Structure formats: C-alpha cells, structure tokens
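S.K.:
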Amino acid sequence: MQIEAVPPQTHLPPLAKLALELGPLGVFFLGNAYAEKFGFAADQRLFVATGLFIVATLAALAIHYVWVRRLPIMPLVSGVVVVVFGGLTLLLRDELFIKLKPTIVNSLFGAVLLGGLAFGRPLLALVLDSVFDLTQEGWRKLTFRWGLFFFFLAGVNEVVWRTQTTDFWVSFKVFGIMPITIAFALAQTPLLLRYERRKDEDKSGRA
Numbered sequence: 001m002q003i004e005a006v007p008p009q010t011h012l013p014p015l016a017k018l019a020l021e022l023g024p025l026g027v028f029f030l031g032n033a034y035a036e037k038f039g040f041a042a043d044q045r046l047f048v049a050t051g052l053f054i055v056a057t058l059a060a061l062a063i064h065y066v067w068v069r070r071l072p073i074m075p076l077v078s079g080v081v082v083v084v085f086g087g088l089t090l091l092l093r094d095e096l097f098i099k100l101k102p103t104i105v106n107s108l109f110g111a112v113l114l115g116g117l118a119f120g121r122p123l124l125a126l127v128l129d130s131v132f133d134l135t136q137e138g139w140r141k142l143t144f145r146w147g148l149f150f151f152f153l154a155g156v157n158e159v160v161w162r163t164q165t166t167d168f169w170v171s172f173k174v175f176g177i178m179p180i181t182i183a184f185a186l187a188q189t190p191l192l193l194r195y196e197r198r199k200d201e202d203k204s205g206r207a
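The UniProt record's numbering puts the first residue of the sequence shown at 1, with every later residue one more than the last.
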C-alpha cells in the first residue's frame with residue numbers, strides 16, 4: 001500500500017490566521033505586564049516583553065510556513081522589522097527602536113501601496129486576490145484607502161508613544177490598534193460589494 005503525503009493547505013483557517021497574528025502581540029502585552037512577577041526589575045519589563053515578542057513572532061511565522069508552505073509578504077516584512085528593531089532594542093537597551101517599529105512598518109506598507117498606485121499597480125490585489133475578486137477600479141480604490149490608513153496608523157503610533165507612558169503604549173498596541181483596524185476593514189464592505197467582479201459579469205450577462 002502506498003502512502004501519499006498530504007499536501008499543505010492553501011490558506012490558513014480564519015481562526016488560526018487570527019491567532020497567529022494576535023498571538024505575538026498578546027505575548028508582548030503579557031510579558032510587559034507580568035515580568036516583575038518573575039523577578040525582573042520594573043525598568044526591564046519592556047525589554048523582557050520585546051525578547052518574548054521576537055520569539056513569538058518567529059514561532060508564528062514558522063507555524064504559518066509549516067501549515068501552508070509559504071509566508072505572506074505583509075507578516076513576513078513585519079516579522080523582519082520586529083527582529084531587527086527588537087534586536088536593536090535589546091542590544092542597545094533603548095526602548096526607542098521597538099516603539100518605532102509600528103511607525104516604520106505602517107509607513108513602509110503605506111508607501112509601497114501608494115507608490116504602486118502611482119505606477120498604475122494596485123499592489124493590494126497581489127495580497128488579497130485569493131480573498132476578493134474585484135474590478136481594477138475596485139482594487140485601485142481599496143489600495144488607496146489602505147495606503148492612507150497605514151500612514152494614519154503610523155501617525156497614531158508616533159503620537160501615542162511620544163505623549164503617553166510605555167504601559168499605555170503597549171496596551172494601545174493590543175487593545176487600540178486592532179479594533180481600529182477591524183473597524184476600518186469592516187467599513188470597506190460597501191466598496192467590496194460594489195466592485196465585486198462576479199456581480200459585474202452577472203449584470204453584463206443579463207443585459
């Protein structure tokens with residue numbers, strides 16, 4: 001009897017995808033909140049959390065790769081920045097680098113998306129084409145909106161870490177940014193429905 005290898009799944013189940021995206025942030029929050037209970041000094045909490053964040057991020061990427069045999073570009077880029085800026089935070093014992101990480105990542109995503117549009121390339125279609133089937137106009141508008149939104153997140157991060165305490169910034173990363181992002185994504189539903197390609201084709205077929 002021949003035993004065939006089970007091919008990897010094409011996409012992660014939604015709950016698994018959410019867990020892998022939120023898991024490292026949860027570890028970061030818990031590390032900062034409870035480091036003192038494990039004997040670390042109060043001024044070392046963020047460094048402990050950063051080290052755990054790096055490990056959790058790499059673990060999430062590894063699990064994702066084992067599951068589907070590929071890594072999506074956005075989590076991969078974010079993971080690289082986490083390792084680089086988190087590593088600098090630990091090496092130089094300077095909180096600035098990990099606090100700048102969301103600004104760098106979101107600015108990079110925003111610049112890539114809007115830059116692609118400037119050259120006539122709605123790059124968001126390369127990331128989400130397996131999830132949504134939109135017209136070119138739909139992809140252009142969705143890419144433009146997400147590009148601006150990423151710059152908005154970068155600006156929010158700058159305001160929060162420069163004006164609030166470290167504990168507030170850590171909590172906001174987990175309990176502020178994610179709800180804002182989910183709300184923005186849900187607000188794009190009318191656009192997705194309006195420019196869904198199959199609807200356009202059905203209408204033209206009935207005409």
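No residue lacks a Cβ here, since even glycine has one placed at the ideal position from N, Cα and C.
All values derive from a computational prediction rather than experimental measurement.
Quick check: is any heavy atom of the ligand NAP less than 8 Å from the C-beta of Pro14?
M.R.: Absent from the structure shown: the ligand NAP. Ligands present: none.
S.K.: Spell out the partners DSSP gives Leu108 in its beta bridges.
M.R.: In the DSSP output, where bridge partners are listed per residue, Leu108 has none listed.
S.K.: Per DSSP, what are the beta-bridge partners of residue 208 in this structure?
M.R.: This structure cannot settle anything about residue 208, because the visible part of the chain is limited to 1 through 207.
S.K.: Comparing C-alpha positions only, which one of Thr166, Trp139, Gly147 sits nearest to Leu193?
M.R.: Checked all of Thr166, Trp139, Gly147; the closest Cα to Leu193 is Trp139.
S.K.: Which word fits Ile73, buried or exposed, when buried means at least 16 other C-beta atoms lie within 10 angstroms of its C-beta?
M.R.: Burial call: exposed.
S.K.: Closer than 6 Å by C-beta to Ala169: which residues in its own chain qualify, once you throw out the five before and the five after it? Chain order, please.
M.R.: Looking at the sequence shown, residue 169 is not Ala but Trp. Closer than 6 Å at the Cβ level, and outside the excluded window around Trp169, lie Val160, Trp161.
S.K.: Rounded to a whole number of angstroms, what is the C-alpha to C-alpha distance between Leu113 and Ala154?
M.R.: C-alpha separation (whole angstroms): 14 Å.
S.K.: Do you know how far the Cα of Pro75 is from the Cα of Glu21?
M.R.: Near 8 Å, if we compare the C-alpha coordinates of Pro75 and Glu21.
S.K.: Just checking my contact of residue 216 with Thr50 at CB under 8 Å: how many whole Å lie between their CB atoms?
M.R.: With the chain running from 1 to 207 in the structure shown, residue 216 is simply not present.
S.K.: Taking the alpha-carbon positions, what's the Ala183 to Phe47 distance?
M.R.: In a straight line, the C-alpha of Ala183 is about 31 Å away from that of Phe47.
S.K.: Rank Trp146, Lys101, Glu137 by C-alpha distance to the C-alpha of Gly115 and give the top, closest one.
M.R.: Ranking Trp146, Lys101, Glu137 by Cα distance to Gly115 puts Trp146 first.
S.K.: Tell me whether Ala62 is buried or exposed, calling it buried when 16 or more other Cβ atoms sit within 10 Å of its Cβ.
M.R.: Ala62 should be labelled exposed.
S.K.: For the stretch 101–108 against the stretch 75–86, do three or more pairs of beta-carbon atoms, one drawn from each stretch, fall closer than 8 Å, so that the two count as touching?
M.R.: In short, these stretches touch, since the Cβ pair count reaches three.
S.K.: Give me the Cβ distance between Phe97 and Phe85, rounded to the nearest whole Å; I'm assuming they're in contact under 8 Å.
M.R.: Yes, Phe97 and Phe85 are in contact; Cβ-Cβ is about 4 Å, under 8 Å.
S.K.: Measure from the alpha carbon of Leu191 to the alpha carbon of each residue in Val156, Glu36, Gln136, Phe172, then state which is nearest.
M.R.: Residue Gln136 is the option with its Cα nearest to Leu191.
S.K.: What does the alpha-carbon distance come out to for the pair Arg69 and Pro13?
M.R.: Computed Cα separation, rounded: 14 Å.
S.K.: Using the C-alpha atoms, what's the distance from Ala16 back to Leu124?
M.R.: Whole-angstrom Cα-Cα distance: 22 Å.
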